[in-house]
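Trainee: In full-length UniProt numbering, the protein residues as written are 1 to 187. Glycine included, each C-beta is placed from N, C-alpha and C at the ideal position. Quick caveat, the model's predicted, so the values are computed rather than measured. The structure is given below, and queries will be raised subsequently.
Below, the structure written as structure tokens:
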């Protein structure tokens, strides 16, 4: 599979949400694990999360609420994405949160590894020290990918969600980035 990874521009968000809504059709269906804490019957990305992408991409890096998003393209088709965003706590500016997804037709080909490496390198270049994530406890493939990329489990909240009669927790994982210049001015 040949693909390119590039930042998504704010004017391309409609295209991204079209891809994302298609991607969400796999959430907990046909043997795939739940990867979003949403019912298997949900058909679209929640409006408040759409708004988070829209406003976050317009925010300057370092500003509360910033977000950066990369897409993987095979030709013109989005086949995966990864985003980094500020943590909500002002005193945690040296950290960021990661979210990602890989389209059903592009899984198990190394795309997830490349997406994580791309985002981690960008974060390091910005002077961030940690990348954090939350992953549903039942999503073994994602947890394995993150462990392979150097993330360590830092905690878990069992039975956080009740989705379609299933009890699921969140596993918290973090990646400490190699030391770099502190460009965030946080001490």
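(1) Check whether the Cβ atoms of residue 133 and residue 168 lie closer than 7 Å to each other.
(2) Just list the residues that DSSP pairs residue 7 with in beta bridges.
(3) What is the rounded straight-line gap between the Cα of residue 120 and the Cα of residue 39?
(4) Hey, residue 83 and residue 65: beta-carbon distance below 7 Å or not?
(5) Contact criterion: CB-CB distance below 7 Å. Does residue 167 meet it with respect to chain B?
(6) Leaving aside the five residues before and after residue 130 along the sequence, list all residues of the same chain whose C-beta is less than 8 Å from its C-beta, in chain order.
(7) Give a yes or no on whether the C-beta atoms belonging to residue 111 and residue 150 are separated by under 7 Å.
(8) Output the distance between the C-alpha atoms of residue 171 and residue 155, rounded to the nearest integer angstrom.
(9) Please report the distance separating the alpha-carbon of residue 58 from that of residue 70.
(10) With C-beta atoms as the reference, is residue 92 less than 7 Å away from residue 3?
(11) Since I believe residue 101 is in contact with residue 35 (beta carbons under 8 Å), could you give me their beta-carbon distance rounded to a whole number of angstroms?
Mentor: In short, the structure shows the following:
(1) no
(2) 70
(3) 30 Å
(4) no
(5) Although the question refers to chain B, the structure presented lacks it and comprises just one protein chain.
(6) 94, 95, 96, 174, 175, 176 and 177
(7) no
(8) 6 Å
(9) 14 Å
(10) no
(11) 7 Å
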